[in-house]
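Numbering (the working numbering), first residue to last: -15 to 273.
To start, the structure under review is shown below, and the notes come after it.
Take a look at the structure:
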């Protein structure tokens, strides 16, 4: 009985952190759109600063080694996380919030593929139609042939692929490293590469007084999102909490309407519904097996 209670408590905590991560991700998207007049690499540069100061202090107080254990995967996670961040922030800056967020949720489709290839997780035949439904939902949001701005939609798909690869790596690292070590690696690796890009381009724009508080909030929101997402993967199986990441679509739709007067069209609404339904049905299949 005690074991069952612990498993239930972990499941509830995983769901809680998954929803909190979705909230912070949506808030990050709002702040990115507020400073989209700044170069993308500068936004990422300032976004990493709070993490680089806060996380090492916490790790030191906890007596957790900064360099971690599984260094190759920590480095890979940092690199693929940077590509995910670049593509995600780009689409948040120039696309309607709901469209970008919905396309990003296709990462579940790619996690399905990657987990089978790299983690050897079992695939149930009944899951395949649900992932095809999610893919169809993504097509309705992307609207190939109907939208002029198809390039941002393609970048959003790349963001979903990079996020899926990052999450697969995260699932592997949860067995070897502290979640704050994973976050710290990501911040320092991405900051080093971004700094090199800024020095190479030599066109740094100093943010004005109204931009700095927004950039600081972005750093805090993304740190909160990373902590919550990493904890969600640690506390509960990904196949049990992945359903709740779709809450980001709903939250992003509300924020998009409140802050930017973005009203999703009928294709986006139907596509988002297909993706959410797909996630729920996929969850039910995995739970019953």
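By construction, the Cβ of each residue, glycine as well, lies at the ideal position given by its N, Cα and C atoms.
Small disclaimer: the values here were computed from a predicted structure and weren't measured.
Residue i in three-state terms, based on DSSP
i	result
residue 275	Nothing can be reported for residue 275: it is not among the residues displayed for the chain, which extend from -15 to 273.
residue 46	coil
residue 262	helix
residue 210	helix
residue -15	Note that residue -15 scores a pLDDT of 36, beneath 50, so its modelled location is shaky; the value from the coordinates is reported in the next line. Note: residue -15 maps to coil in three-state DSSP.
residue 108	coil
residue -7	Here the model assigns residue -7 a pLDDT of 46, short of 50, so the residue's position is not dependable, and the following value carries that caveat. Residue -7 falls in the helix class under three-state DSSP.
residue 23	coil
residue -2	helix
residue 195	helix
residue 127	coil
residue 256	helix
residue 12	helix
residue 51	coil
residue 247	coil
residue 6	helix
residue 268	helix
residue 174	helix
residue 160	coil
Range covered by the alpha helix (DSSP H) that runs through residue i
i	result
residue 78	55 to 78
residue 237	231 to 244
residue 86	81 to 88
residue 150	134 to 157
residue 97	91 to 102
Neighbourhood of residue i by C-beta, 8 Å cutoff - its chain only, sequence neighbours within 5 removed
i	result
residue 257	121
residue 195	19 and 22
residue 176	none
residue -12	Bear in mind that a pLDDT of 39 at residue -12, under 50, signals an unreliable position, so the number given afterwards is only what the model happens to contain. Closer than 8 Å at the Cβ level, and outside the excluded window around residue -12, lies no residue.
residue 55	none
residue -10	Only weak support exists for where residue -10 lies, its pLDDT of 41 falling under 50; the value from the coordinates is given anyway. Hits under 8 Å: none found.
Residues near residue i in its chain [Cβ-Cβ closer than 6 Å; skip 5 each side]
i	result
residue 118	93, 259 and 262
residue 253	none
residue -3	219
residue 111	266 and 269
residue 48	162
7 Å Cβ shell around residue i - same chain, five flanking residues per side excluded
i	result
residue 2	216, 225, 228 and 229
residue 209	5, 8, 9 and 12
residue 234	none
residue 189	22, 23 and 26
residue 240	80, 81, 82 and 246
residue 144	87, 88, 90, 91 and 94
residue -7	Since pLDDT at residue -7 reaches only 46, below the 50 mark, its modelled position is unreliable, and no value is offered.
Neighbour flag for residue i against chain D, beta carbons, 8 Å
i	result
residue 193	Absent from the structure is chain D; it holds one protein chain and no more.
Inset, instruction - Examine the Cβ distances between the region 182 to 196 and the region 22 to 30 and report whether three or more of them are shorter than 8 Å. - result: As far as the Cβ criterion goes, the region 182 to 196 touches the region 22 to 30, which means the pair count is three or higher.
Inset, instruction - Spell out a yes or no on whether the region 84 to 97 and the region 201 to 217 are touching, meaning 3 or more CB-CB pairs, one atom from each, closer than 8 Å. - result: Taking 8 Å as the limit for Cβ pairs, the verdict is that the region 201 to 217 does not touch the region 84 to 97.
Inset, instruction - Assess, as a yes-or-no matter, whether the region 239 to 259 is touched by the region 10 to 25 under the definition of 3 or more beta carbon pairs within less than 8 Å. - result: Yes, they touch.
Inset, instruction - Take every Cβ of the region 64 to 71, pair it with every Cβ of the region 142 to 152, and state whether three or more of those distances are shorter than 8 Å. - result: As far as the Cβ criterion goes, the region 64 to 71 touches the region 142 to 152, which means the pair count is three or higher.
Inset, instruction - Take every Cβ of the region 167 to 180, pair it with every Cβ of the region 53 to 62, and state whether three or more of those distances are shorter than 8 Å. - result: Touching, per the Cβ criterion.
Inset, instruction - Kindly confirm or deny that the region 133 to 145 and the region 71 to 83 touch, where touching means at least three C-beta pairs closer than 8 Å. - result: They touch, by the three-pair rule.
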